[in-house]
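Residue numbers (my numbering): 72 to 347.
Positions of the beta carbon are idealized from the N, C-alpha and C atoms, including for glycine.
Encoded as structure tokens, the structure appears first; notes follow it.
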Amino acid sequence: MLLTAQPIDPVAFSVGPLSVAWYGLIIGTGIVLGYLLANREADRLGMPKDMFADLLIWAVPIAIISARIYYVIFQWDYFSQNPGEIVAIWNGGIAIHGALIGSVATGFVFAKRKGLSFWKIVDIAAPSIILGQMLGRWGNFINQEAHGGEVSRSFLEGLMIPDWIINQMYIEVNGSFAYYHPTFLYESVWNFVGLILLLLLRKVNPLRGEIFLSYVIWYSVGRTFVEGLRTDSLMLTETIRVAQAISILLVIVAVGLILYRRFGQGIKTRYADKRN
Numbered sequence: 072m073l074l075t076a077q078p079i080d081p082v083a084f085s086v087g088p089l090s091v092a093w094y095g096l097i098i099g100t101g102i103v104l105g106y107l108l109a110n111r112e113a114d115r116l117g118m119p120k121d122m123f124a125d126l127l128i129w130a131v132p133i134a135i136i137s138a139r140i141y142y143v144i145f146q147w148d149y150f151s152q153n154p155g156e157i158v159a160i161w162n163g164g165i166a167i168h169g170a171l172i173g174s175v176a177t178g179f180v181f182a183k184r185k186g187l188s189f190w191k192i193v194d195i196a197a198p199s200i201i202l203g204q205m206l207g208r209w210g211n212f213i214n215q216e217a218h219g220g221e222v223s224r225s226f227l228e229g230l231m232i233p234d235w236i237i238n239q240m241y242i243e244v245n246g247s248f249a250y251y252h253p254t255f256l257y258e259s260v261w262n263f264v265g266l267i268l269l270l271l272l273r274k275v276n277p278l279r280g281e282i283f284l285s286y287v288i289w290y291s292v293g294r295t296f297v298e299g300l301r302t303d304s305l306m307l308t309e310t311i312r313v314a315q316a317i318s319i320l321l322v323i324v325a326v327g328l329i330l331y332r333r334f335g336q337g338i339k340t341r342y343a344d345k346r347n
């Protein structure tokens with residue numbers, strides 16, 4: 072068993088003193104594929120050429136910084152005593168919700184400065200965002216992190232997943248080896264289904280803004296349940312997990328915005344309409 076459960080090396084390859092981690096490659100792949108998907112759709116809808124390339128120049132670094140700030144805020148008891156660790160992002164510690172806040176805020180400012188529709192931009196970007204999240208969870212898999220509670224090997228075999236995934240979930244925690252819930256896989260599969268649904272929703276041509284808000288609802292519902300299985304959650308209180316509280320709030324806000332924009336503002340502009 073031990074021979075077949077050796078963990079995957081988190082380093083993909085090395086060039087001299089430089090080591091390239093699988094995590095970085097996976098995240099980078101997600102960004103590139105997400106950009107290609109969004110750029111193709113932006114071209115189809117007649118958006119300015121290279122718009123998403125210009126947006127990514129700002130959105131990616133700001134998303135990373137905001138993801139770190141979010142994590143530090145909810146771990147302030149530790150970082151207040153170790154301020155030198157705040158910038159040590161290479162030691163781990165970023166949060167997806169923080170990245171979303173930063174990237175969406177960047178998109179809002181970008182849209183205003185360029186005279187473009189914010190809702191149209193985020194509608195186009197929504198499938199790309201969930202694609203990146205789907206792939207990014209495999210970086211957690213390689214690093215044997217963001218897993219759930221302890222389970223048996225027979226439980227994992229009952230999920231009908233291949234041995235190379237099962238073996239990677241045989242993790243050392245506090246000097247003891249055990250199998251753990253592959254929460255990365257649960258969320259990745261949930262996001263894959265969400266990606267398909269968002270692409271289908273494009274074809275329905277909903278009211279502008281509703282593809283992005285549907286993404287927020289879909290992702291948040293899945294994250295609420297998956298987060299309940301994880302053992303490394305940021306905690307708001309002793310019993311309330313930050314990601315669950317934020318996800319529930321986002322569902323309420325997204326549903327409220329859909330209803331308000333439909334019936335309160337009487338929005339008529341649809342996703343594929345050429346006008347802003």
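Per-residue burial, Leu330 [other beta carbons within 10 Å of its own, 16 or more giving buried]: Leu330 is exposed by the Cβ-count criterion.
Around the C-beta of Ser137, are 16 or more other C-beta atoms found within 10 angstroms, so that it is buried, or is it exposed? So Ser137 ends up on the buried side.
Roughly how far, in whole angstroms, is the beta-carbon of Phe255 from the beta-carbon of Phe212, given that I think they are within contact range, below 8 Å? Going by Cβ atoms, the distance from Phe255 to Phe212 rounds to 5 Å, so yes, they are a contact pair.
So if DSSP puts Gly101 in a beta bridge, which residue, or which two residues, is it bridged to? DSSP lists no partner for Gly101.
Do Tyr250 and Ser291 have their C-beta atoms closer together than 8 Å? Taking 8 Å as the Cβ cut-off, Tyr250 and Ser291 do not qualify as a contacting pair.
Inspect the beta-carbon positions of Ala197 and Ser188 and report whether they are closer than 8 Å. Judged by beta-carbon spacing, Ser188 lies beyond the 8 Å limit of Ala197, meaning their Cβ atoms are not closer than that value.
Nearest-angstrom Cα distance between Ile200 and Ile172? Distance between the alpha carbons of Ile200 and Ile172: 12 Å.
Buried/exposed call for Gly89, threshold 16 Cβ in 10 Å: The question names Gly, but residue 89 in the sequence shown is Leu. Exposed is the call here.
The segment 324-342 contacting the segment 264-283, beta-carbon criterion three pairs below 8 Å: Under the 8 Å Cβ criterion, the segment 324-342 counts as touching the segment 264-283, having at least three qualifying pairs.
Figure out for me which residue from Ser259, Leu127, Val244, Arg208 has the closest Cα to the Cα of Thr177. Closest by alpha carbon: Leu127.
Quick check on the DSSP output: the alpha helix (DSSP H) that includes Leu230 runs from which residue to which? No alpha helix (DSSP H) contains Leu230, which DSSP labels as neither H nor E.
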